[in-house]
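So the structure is just underneath, and the comments pick up after that.
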Ligand SMILES: NC(=O)c1ccc[n+]([C@@H]2O[C@H](COP(=O)([O-])OP(=O)(O)OC[C@H]3O[C@@H](n4cnc5c(N)ncnc54)[C@H](O)[C@@H]3O)[C@@H](O)[C@H]2O)c1
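In my numbering, the protein residues as written are -7 to 354.
As structure tokens, then:
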């Protein structure tokens, strides 16, 4: 059936977060006959403002559910009988994992096992034949850290070697996902993506934090000497890759996703400052705002992804150049100051109750 005609039901977990909300927009924009069910417990990182424009879309349903809640997740499987599960829900901030590892283990491992179990019980023995698919959204951080001055890259055969509580919890979840395939033949797939950037990212993460601080003329903290390298990918390219893996990926396989776009943190921060100055015309936004702070504990030096497998098997490649994507992203945050302010003041969480009442429609 050509794209746009299928009638599939997607169960998206963590859809009120950064990548999940971009993915929901991507699916609703690219298809007509779909149902998207978003389950999200709305932690500090869950923001229904990200989904305002589609909250009355007849194809979209929201349930405020914790992925660790067996009864509630079972209920969603019974109610919607999803074809695809895309598991974004997670605690996602490395710094927070250093301060409070337990919640990372609980949600990222326990929550994933709970959703896997519910899928297994709902889909039964014929899950593969009936076209069901469970996609685990993982991260390049499970591979550990590369040397700064090398051309080495992570590929899908690289052994996992996580170094932070966050990446350890994601790696553990990946191992569980694989075990559900080996043991029960649950049709699973795993994607491991590099650092994402784009609209709707919670402003604790480097790029939106830097933009918010720059436009407010506040100090911009940079860990250590800023030499750590990350491979950046625009979130829209990640969403297209997830879509392709769901449709055409081979069950039980891992697909790395990366932008082939390695930048050190200090260069990135300088680029953002220059863009903020250019877009606002405010010359007091300058590199003097940069403040070097004590390095993150166990800070991984470099991530670099080899995305050859998804390129050759599924024909995916990034479409958004870093310069273009970063300039658009900086403009988005500057033009959406209300979105940023509602997070900074905590107001985005005050509206949760009324919004969920309205969106929990049957
Ligand atoms: N951001 C990146 O650069 C990146 C890169 C690779 C992989 N990932 C992975 O992608 C996924 C999404 O990342 P993100 O940046 O959008 O994260 P995010 O922190 O912006 O969003 C996470 C969402 O999950 C929800 N959530 C948390 N705990 C939950 C629970 N127990 N039950 C239900 N919902 C819960 C939150 O409310 C939030 O809406 C994560 O699994 C992350 O590990 C992120």
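Just so you know, even glycine gets a beta-carbon here, dropped at the ideal spot from N, CA and C.
*Mind pulling the alpha helix (DSSP H) runs of 4 or more residues that sit fully within the segment 77 to 139?*
The segment 77 to 139 contains, as complete alpha helix (DSSP H) runs of 4+ residues, the segments 86 to 91, 93 to 96 and 104 to 115 (chain order).
*Identified DSSP bridge partners for residue 256*: DSSP, once it has assigned bridges, lists 221 as partnering residue 256.
_Run of the beta strand (DSSP E) containing residue 282, from where it starts to where it stops_ = 282 to 285 is the span of the beta strand (DSSP E), which, as asked, contains residue 282.
*Report yes or no: do three or more beta-carbon pairs, one from the segment 79 to 87 and one from the segment 98 to 117, lie closer than 8 Å?*
Verdict: yes, contact present.
*Starting from residue 213, follow the beta strand (DSSP E) in both directions and report where the run begins and ends.*
Judged by DSSP secondary structure, residue 213 falls within the beta strand (DSSP E) whose first and last residues are 212 to 215.
*Just checking my contact of residue 146 with residue 290 at CB under 8 Å: how many whole Å lie between their CB atoms?*
That pair is no contact at about 18 Å.
*Can you tell me which of the three DSSP states residue 185 falls into?*
Of the three classes helix, strand and coil, the one that applies to residue 185 here is strand, per DSSP.
*residue 302 and residue 195 look like a contact to me (Cβ under 8 Å); what is the Cβ gap, rounded to whole Å?*
With 8 Å as the limit, residue 302 and residue 195 do not qualify as a contact, their Cβ atoms being about 30 Å apart.
*Closer than 6 Å by C-beta to residue 88: which residues in its own chain qualify, once you throw out the five before and the five after it? Chain order, please.*
Cβ-Cβ distances below 6 Å link residue 88 to nothing in the same chain once the five nearest sequence neighbours on each side are left out.
*Do you know offhand how far residue 337's Cα is from residue 311's?*
The alpha-carbon atoms of residue 337 and residue 311 are separated by roughly 35 Å.
*asked:* Just to confirm my understanding: we take residue 268, look at its own chain, exclude 5 residues before and 5 after, and list those with CB closer than 8 Å. What are they?
replied: Within the same chain, 203, 206, 207, 274, 277, 322 and 326 come within 8 Å of residue 268 by CB-CB distance, once the 5 residues on both sides are set aside.
*Which residues does DSSP pair with residue 226 in a beta bridge?*
Looking at the DSSP assignment, residue 226 forms a beta bridge with 189.
*asked:* So, for residue 68: in the same chain, excluding its five sequence neighbours on each side, which residues have a beta-carbon less than 7 Å away from its beta-carbon?
replied: In its chain, beyond the 5 residues on either side, 3, 29, 31, 55 and 57 have a beta carbon closer than 7 Å to the beta carbon of residue 68.
*In whole angstroms, what is the alpha-carbon distance linking residue 44 and residue 331?*
In a straight line, the C-alpha of residue 44 is about 11 Å away from that of residue 331.
*Which whole-angstrom value describes the C-beta separation of residue 159 and residue 139, a residue pair presumed to lie in contact below a C-beta threshold of 8 Å?*
About 17 Å separates the CB atoms of residue 159 and residue 139; that is not less than 8 Å, and the two are not in contact.
*asked:* To the nearest angstrom, how far is the alpha carbon of residue 164 from that of residue 193?
replied: Between residue 164 and residue 193, the C-alpha separation is close to 25 Å.
*Determine the DSSP secondary structure at residue 312, reduced to helix, strand or coil.*
Three-state DSSP puts residue 312 in coil, outside helix and strand.
*Expressed to the nearest angstrom, what Euclidean distance is found between the alpha-carbon atoms of residue 175 and residue 110?*
If you draw a straight line from the Cα of residue 175 to the Cα of residue 110, it is about 15 Å long.
_Pair within 7 Å by beta-carbon distance, residue 76 and residue 238_ = Yes. Within cutoff.
*State yes or no: is the beta carbon of residue 332 nearer than 7 Å to at least one beta carbon in chain B?*
In the structure shown, chain B does not exist; there is a single protein chain.
*Under the rule that 16 or more other beta-carbon atoms within 10 Å means buried, what is residue 333, buried or exposed?*
Residue 333 sits exposed, since fewer than 16 C-beta atoms from the chains shown fall within 10 Å of its C-beta.
*Between residue 156 and residue 300, what straight-line distance do the alpha-carbon atoms span, to the nearest angstrom?*
Near 26 Å, if we compare the C-alpha coordinates of residue 300 and residue 156.
*With distances taken between CB atoms, is the gap from residue 306 to residue 225 smaller than 7 Å?*
Contact: no.
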